[in-house]
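Taken in order, these protein sequences are the chains called B and H. Under the working numbering, the first residue of the first sequence is numbered 3, with each subsequent residue one higher. Under the working numbering, the first residue of the second sequence is numbered -15, with each subsequent residue one higher. Read the structure below first, then the notes.
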Amino acid sequence: MAQKSMGAAPEALSPHEHPFPPLNRGWGWLTWFSTTDHKKIGIMYMVTSLFFFGVGGIEALLIRIQLAAPNAKVLSPQEYDAIFTMHGTTMIFLVVMPIFIGLANYILPLMVGARDVAFPRLNALGYWVFLLGGIVIYLALFTGSLANAGWFSYAPLSESAFTSRPGLDYWAAGLIETGVGTIAAAVNLIVTVVRYRATGMTWRRLPLFVWMMVITSLLILFALTPLNAGLIMLLGDRILHMHFFRANASGGSAILWQHIFWFFGHPEVYIMALPAFGIMSEVVPVFSRKPIFGYTFVAGSGIAIGLLSFGVWVHHMFAVGLGVPMNAAFSATSMLIAVPTGVKIFNWSTTMFQGKLRLDTPLLFAAAMIIQFVIGGITGVMFAVAPIDWQLTDTYFVVAHFHYVLFGGSMFGLWAGIYYWYPKVTGRMMSERLGKWHFWLAVIGFNMTFFVQHILGVMGMARRVYTYPNLPGYGTLNLISTIGAFILGTAVVLFLWNIVWSFRKGKVAGDNPWDAWTLEWATTSPPPEHNFERLPPVRSARPLFDLAHPELADAHAAQPEGNA
Amino acid sequence: MTTANTTAAKPRTNKHIIGMLFFIGSEIFFFLTLLSSYAYLSGAFGNLPRSSLAVPRTLIFSLFLWASSLTIWIAERNFHRRRFGAYRGWMVITILLGLTFLTGQGIEYTELFRKGIALNYDVFSSAFFTLTGFHGLHVVTGLIMLSSLTGMSFAGKLGPENESAVVSLSYYWHFVDAVWIAVFCVAYLIFI
């Protein structure tokens, strides 16, 4: 497929390369409701997530407007509580998790050379149940209330004695549904990898994004059901007047909720981070024109992270007062988990080192991700030290920390992935010009918004409170943060516009526009409904590299990552 | 399982069976959460409602459930050997054993309700009904699936090609029985 130069009128796509399978067949656009094709379902996940990304982003901007100046009255305390609760809930459960699942739904079967996921109908069910959950959470709007006890919904605040409006019931019920849908997706992804890898694709030749999605899926399986059990108990308390988390004479325990929630909550952090690690491990090598440095270490450290993530949850509870032995033990495990995460940073940096860097948008986002994630990681290790946690917990230092990890890390990694795989999904490149604008505005806006929050946190500004007193420095730093948030918002608008614009007018991509090495680039862009006409042989972790360089293939296959 | 049968090795790598195993793994964490919450809250349990539990009677009803693990294993063996009549017979016995267990749970619940110990009575009743209730729901789900396969078999619509469904349901049923060992130990033996 010839590539056309920029500036010329966009080439018309011939019918068989049209972005999506023809929709005028049978029920027209209604086929989107009945489809079991993993590619369509993946697109549906991603489009839904992008919609909620807009919603969560508007909520973020409302928060920043309210906090732009001291003693502001733009939002009432009740409205502010609902909005920051919904911002967290939306971004975590309706944006980051499903968009990675959607991306994996689309790309993962292609990467392993499969025709579809293992259970296509279960896959469709998973999506629709997830969507139902998202709708139910927001359906609470019709009751005139939204969940407002934070995304963590600590008891006893979340009990009906203190939060009597029904918004929280919708929140809990909706999250149970998204949980069920997510578990269905996780089972699907794991079985697809276990059972439907192409001939020759051993576990040591598996693309690292696939590796990370397998570990993510396992975390989903073992972390989401505890959350659902906890949510059921919370609903039991609220609706059936049971006694699990009530802090009164009946003997319920509010701390039990915290244990359950954070037993889920910490693996959840890695459910949102590992897919981004996987994207990084695909994008960085391709744009550095080198194989990943230390394939085994990337996969192995992912497994270590997965295992350790179930043993660190009490570091969210240092302020509860569980005693020195508990705090010391979980301090130690929390510091330990930074090691495998740090290993990955070295893998990516050393892959870039002395590589022939191609500074296209995906690599820009990946490079920014490395730096920002390191900052979030360092503040994370600080929080592993219980006394530092006691000093800084519930301040904006925490907000800065987890936004550096989840926005500066996961979201930037995701953006790298979207710019990287968009041509495969639509058949067209995303605009590099808009992409560069998006990148620089996002880097400036993001760091402006959240870096100053470290300082505010150290100064003692409390999070989760709708306003703050006019103390020296508070007003200025918060105003900087708010301006940064609007720059970041502009970047997001450009990103969404880029997606829409490039869909119609982007440069036609061809099968393998990045000259990449994994199987998804061996088929057309977008792939036909059955994915592959024929698969190249898989004799290493980089089958398309072997295909292009047959003279090097044997030497390449002799490398550790090429061995079976 | 069966050694003589060449097809017996095949379903183990079947996607349905692998999927069921991972799903069961996920379910294990669901019950671990309920079980550890029960243990965690047990310090605050009152004596009156707890002493209302009928331990020996529940043990007898539990034996019916555990016996059903044996009968479904025999049923599955017969299915692998293409003895579908015997398969249906043992499936019916399995269903009856499951129903007997549920009857026992029904008696237990009714007695507690009669004493006024409902879901919202205290922290014990909350934990007890949630733990045993969710196990009961899993038994009911299992019975629905057992009945579906048995019904299909009676209708002549369950053939060798459905082996993976038969095997994965069998795994699920063993899981439900195994969970009851943990639930019985925690609720009726340890924290009583």
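Beta carbons: idealized from backbone N, C-alpha and C, even for Gly. In this text the structure is predicted, and so the values were computed from the model without any measurement.
Is there at least one Cβ from chain H nearer than 8 Å to residue i's Cβ?
{"i": "R197 of chain B", "result": "yes"}
{"i": "L365 of chain B", "result": "no"}
{"i": "M244 of chain B", "result": "yes"}
{"i": "V189 of chain B", "result": "yes"}
{"i": "A231 of chain B", "result": "yes"}
{"i": "V193 of chain B", "result": "yes"}
{"i": "G254 of chain B", "result": "yes"}
{"i": "I178 of chain B", "result": "no"}
{"i": "P235 of chain B", "result": "The sequence shown places Met at residue 235 of chain B, rather than the Pro named in the question. At least one chain H Cβ lies under 8 Å of M235 of chain B."}
{"i": "I185 of chain B", "result": "yes"}
{"i": "L479 of chain B", "result": "no"}
{"i": "L258 of chain B", "result": "yes"}
{"i": "D171 of chain B", "result": "no"}
If the cut is a Cβ gap below 8 Å, which residues of chain H does residue i touch?
{"i": "P228 of chain B", "result": "F13, F14, L16, T17"}
{"i": "I262 of chain B", "result": "T17, S21"}
Could you tell me whether any Cβ in chain B is nearer than 8 Å to the Cβ of residue i?
{"i": "F36 of chain H", "result": "According to the sequence displayed, residue 36 of chain H carries Ser and not Phe. Chain B, which has no Cβ nearer than 8 Å to the Cβ of S36 of chain H, makes this no."}
{"i": "G3 of chain H", "result": "yes"}
{"i": "V167 of chain H", "result": "no"}
{"i": "Y93 of chain H", "result": "no"}
{"i": "N31 of chain H", "result": "no"}
{"i": "V123 of chain H", "result": "no"}
{"i": "Y71 of chain H", "result": "no"}
{"i": "Y24 of chain H", "result": "yes"}
{"i": "A171 of chain H", "result": "no"}
{"i": "A149 of chain H", "result": "no"}
{"i": "T134 of chain H", "result": "no"}
{"i": "F104 of chain H", "result": "Sequence inspection shows Asn at residue 104 of chain H; the Phe mentioned does not correspond to that position. Output row for N104 of chain H: interface = yes."}
{"i": "F6 of chain H", "result": "yes"}
{"i": "A59 of chain H", "result": "no"}
{"i": "A51 of chain H", "result": "no"}
{"i": "A28 of chain H", "result": "yes"}
Could you tell me the distance, in whole angstroms, from the CA atom of residue i to the CA atom of residue j?
{"i": "M75 of chain H", "j": "E147 of chain H", "result": "14 Å"}
{"i": "F289 of chain B", "j": "E434 of chain B", "result": "15 Å"}
{"i": "G90 of chain B", "j": "G69 of chain H", "result": "56 Å"}
{"i": "F97 of chain H", "j": "G181 of chain B", "result": "32 Å"}
{"i": "A74 of chain B", "j": "E81 of chain B", "result": "13 Å"}
{"i": "R207 of chain B", "j": "T352 of chain B", "result": "20 Å"}
{"i": "V494 of chain B", "j": "I305 of chain B", "result": "33 Å"}
{"i": "K(-1) of chain H", "j": "G325 of chain B", "result": "46 Å"}
{"i": "R177 of chain H", "j": "L127 of chain B", "result": "It is not possible to answer for residue 177 of chain H, since the shown part of chain H is limited to -15 through 176."}
{"i": "F409 of chain B", "j": "Y297 of chain B", "result": "25 Å"}
{"i": "N533 of chain B", "j": "W350 of chain B", "result": "30 Å"}
{"i": "N31 of chain H", "j": "A157 of chain B", "result": "26 Å"}
{"i": "A23 of chain H", "j": "T520 of chain B", "result": "49 Å"}
{"i": "M319 of chain B", "j": "F7 of chain H", "result": "30 Å"}
{"i": "G82 of chain H", "j": "L124 of chain B", "result": "27 Å"}
{"i": "L25 of chain B", "j": "H122 of chain H", "result": "Residue placement at L25 of chain B is flagged as unreliable, the pLDDT there being 46, under the threshold of 50; the coordinate-derived value follows with that caveat. Taking the straight line from one Cα to the other gives about 41 Å."}
{"i": "F497 of chain B", "j": "V97 of chain B", "result": "15 Å"}
{"i": "A84 of chain B", "j": "P168 of chain B", "result": "12 Å"}
Throw me the rounded Cβ distance for the residue i and residue j pair, which I believe falls under 8 Å.
{"i": "L220 of chain B", "j": "I294 of chain B", "result": "The Cβ separation is near 22 Å, so there is no contact."}
{"i": "A543 of chain B", "j": "R430 of chain B", "result": "Not really, about 28 Å apart at Cβ, beyond 8 Å."}
{"i": "T397 of chain B", "j": "M463 of chain B", "result": "6 Å"}
{"i": "L86 of chain H", "j": "G126 of chain H", "result": "With a Cβ gap of about 10 Å, L86 of chain H and G126 of chain H do not count as contacting."}
{"i": "A275 of chain B", "j": "S412 of chain B", "result": "6 Å"}
{"i": "L25 of chain H", "j": "G253 of chain B", "result": "7 Å"}
{"i": "I489 of chain B", "j": "I420 of chain B", "result": "At roughly 20 Å, the Cβ-Cβ gap does not stay under 8 Å, so I489 of chain B and I420 of chain B are not in contact."}
Applying a beta-carbon distance threshold of less than 7 Å, which residues of chain B neighbour residue i?
{"i": "S110 of chain H", "result": "G238, M244, H245, F246"}
{"i": "N146 of chain H", "result": "The contacting residues do not exist; N146 of chain H stays about 16 Å from chain B at best."}
{"i": "K99 of chain H", "result": "Per Cβ cutoff of 7 Å: no residues; K99 of chain H is ~17 Å from chain B at best."}
{"i": "F175 of chain H", "result": "Going along chain B, no residue has its Cβ under 7 Å from F175 of chain H, so there is no contact; the nearest lies around 13 Å."}
Which chain D residues are close to residue i, counting only those with a beta carbon under 8 Å from its beta carbon?
{"i": "F224 of chain B", "result": "Within the model displayed, chain D is absent; protein chains B and H are what it includes."}
So which residues on chain B does residue i lean against when the C-beta distance must stay under 9 Å?
{"i": "V160 of chain H", "result": "The premise fails here: V160 of chain H is roughly 15 Å from chain B at the closest Cβ pair, so nothing lies under 9 Å."}
{"i": "K(-1) of chain H", "result": "A120, F121, V193, T194, V196, R197, Y198"}
{"i": "V107 of chain H", "result": "M244, H245, F246, R248, S252, G253, G254, S255"}
{"i": "T116 of chain H", "result": "Those within 9 Å of T116 of chain H in chain B number zero; the least Cβ separation is about 14 Å."}
List, from N- to C-terminal side, the alpha helix (DSSP H) runs of 4 residues or more that fit wholly inside the region 59 to 140 of chain B.
79 to 91, 99 to 113
Within the region 154 to 185 of chain B, ranges of the beta strand (DSSP E) (whole runs, at least 3 residues)
none
Could you tell me which whole alpha helix (DSSP H) segments of length 4 or greater appear in the region 51 to 111 of chain H?
68 to 98
Report the residue ranges of all alpha helix (DSSP H) runs contained in full by the region 26 to 51 of chain B; include only those spanning at least 4 residues, in chain order.
33 to 36
List in chain order: all unbroken alpha helix (DSSP H) runs of 4+ residues lying wholly within the region 396 to 428 of chain B.
398 to 407, 414 to 428
In chain order, which alpha helix (DSSP H) runs of at least 4 residues are fully inside the region 252 to 290 of chain B?
256 to 290
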